[in-house]
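In the numbering used here, the protein residues as written are 3 to 286.
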Amino acid sequence: MVVESDAPWFPHVKSPRPETKLVQIGVDPLFSRYPIRGFGADVALAGTVRLTLAALADALRPRVEGRLVDERRRRWQGEHARRREASATAARRVQNDRPIDMAWLSRCVGDLVDERTIVVNEYDLDPTQACFRAPGTYFNGPASSSLGWGLGAALGAKLAAPDKTVICTVGDGAYIFGAPTAAHFVARAYDVPVLFVVFNNQAWNAVKRAVRGLAPDGFAAKTGAMVLSDLEPAPDYELVCRASGGHAERVEDPAVLPGALARALKVVREEKRQALLNVICEKP
Numbered sequence: 003m004v005v006e007s008d009a010p011w012f013p014h015v016k017s018p019r020p021e022t023k024l025v026q027i028g029v030d031p032l033f034s035r036y037p038i039r040g041f042g043a044d045v046a047l048a049g050t051v052r053l054t055l056a057a058l059a060d061a062l063r064p065r066v067e068g069r070l071v072d073e074r075r076r077r078w079q080g081e082h083a084r085r086r087e088a089s090a091t092a093a094r095r096v097q098n099d100r101p102i103d104m105a106w107l108s109r110c111v112g113d114l115v116d117e118r119t120i121v122v123n124e125y126d127l128d129p130t131q132a133c134f135r136a137p138g139t140y141f142n143g144p145a146s147s148s149l150g151w152g153l154g155a156a157l158g159a160k161l162a163a164p165d166k167t168v169i170c171t172v173g174d175g176a177y178i179f180g181a182p183t184a185a186h187f188v189a190r191a192y193d194v195p196v197l198f199v200v201f202n203n204q205a206w207n208a209v210k211r212a213v214r215g216l217a218p219d220g221f222a223a224k225t226g227a228m229v230l231s232d233l234e235p236a237p238d239y240e241l242v243c244r245a246s247g248g249h250a251e252r253v254e255d256p257a258v259l260p261g262a263l264a265r266a267l268k269v270v271r272e273e274k275r276q277a278l279l280n281v282i283c284e285k286p
């Protein structure tokens with residue numbers, strides 16, 4: 003079942019088996035306005051997704067045995083617990099790595115998340131290292147966005163929910179594209195305290211991954227020479243935030259990362275000032 007997804011899989015990487023029955027659900031489940039689209043469906047259900055899913059649930063409920071539902075719930079609860087533990091183990095395995103591994107940084111940010119926290123993520127936070135318990139607490143870059151979406155989206159989230167704590171996680175490339183001077187100015191001028199966490203790996207890794215994935219035998223992949231994908235020497239991003247009155251730190255030691263996050267959150271929540279952590283991560 004594919005729910006409101008214009009590209010549910012990448013055929014050159016992975017596709018459903020030929021015998022798979024495909025059900026697509028969406029306002030326009032076949033995305034008929036797209037000039038080229040190769041994702042078919044055995045059944046296409048057009049309509050408001052929320053209402054369609056509710057109608058399907060109502061139609062299926064009398065046809066499903068309660069015993070089977072209970073068995074399925076227990077099975078998926080077990081699988082969920084297994085995956086959660088695997089994510090935690092992966093983070094613990096690299097918690098002492100230096101430069102800082104993004105899995106450990108994601109875990110440290112994830113440990114801060116509660117129902118009063120909104121996370122706006124552009125790229126590098128691994129959401130499996132957090133536990134989002136309430137709707138509207140996690141936002142990732144939509145298909146309609148472009149590089150630089152995260153900073154402005156985080157400011158908007160805070161304006162829309164002033165009683166919530168907003169954490170914005172961005173890669174260093176996404177941070178540059180977000181016009182940080184303007185973003186930090188707005189945060190100061192309009193009293194919009196947000197915690198910005200820069201996953202600084204000194205590269206536009208999305209570009210590198212795309213090149214290696216689409217042209218694994220090409221010149222760039224073989225030589226490692228990918229023009230304008232490396233961001234070195236890296237700017238001191240913490241100074242950009244300080245220029246607009248924010249609290250900011252550069253973090254290189256994984257052991258001090260939880261304490262740095264706690265200090266930054268205290269500034270955001272109690273002093274009502276913006277804060278930024280420039281976290282130096284392993285370069286791809």
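The beta-carbon is built from N, C-alpha and C at its ideal position, and this holds for glycine as well.
Going by C-alpha positions, Ser-231 is about 6 Å away from Val-209.
Assignment of alpha helix (DSSP H) within the segment 232-275, counting only whole runs of 4 or more residues, yields 239-244 and 259-268 in chain order.
Secondary structure of Ile-178 (DSSP, three-state): helix. Residue environment for Gly-80: exposed (fewer than 16 other C-beta atoms within 10 angstroms of its C-beta). Counting along the chain, no alpha helix (DSSP H) covers Asn-123; the unbroken beta strand (DSSP E) around it starts and ends at 119-124.
Between the alpha carbons of Val-213 and His-14 lies a distance of about 14 Å. A residue is called buried once 16 or more other Cβ atoms fall within 10 Å of its Cβ, and Ser-108 is buried on that count. Between Val-29 and Ala-43, the CB-CB gap reaches or exceeds 8 Å. Residue state for Cys-133 is assigned as coil, using DSSP reduced to three classes. Under the Cβ criterion (8 Å, minimum of three pairs), the segment 166-178 counts as touching the segment 197-211. Contact annotation: Pro-182 and Leu-161 have beta-carbon atoms that are not nearer than 8 Å. Counting along the chain, Val-200 sits inside the beta strand (DSSP E) bounded by residues 197-202.
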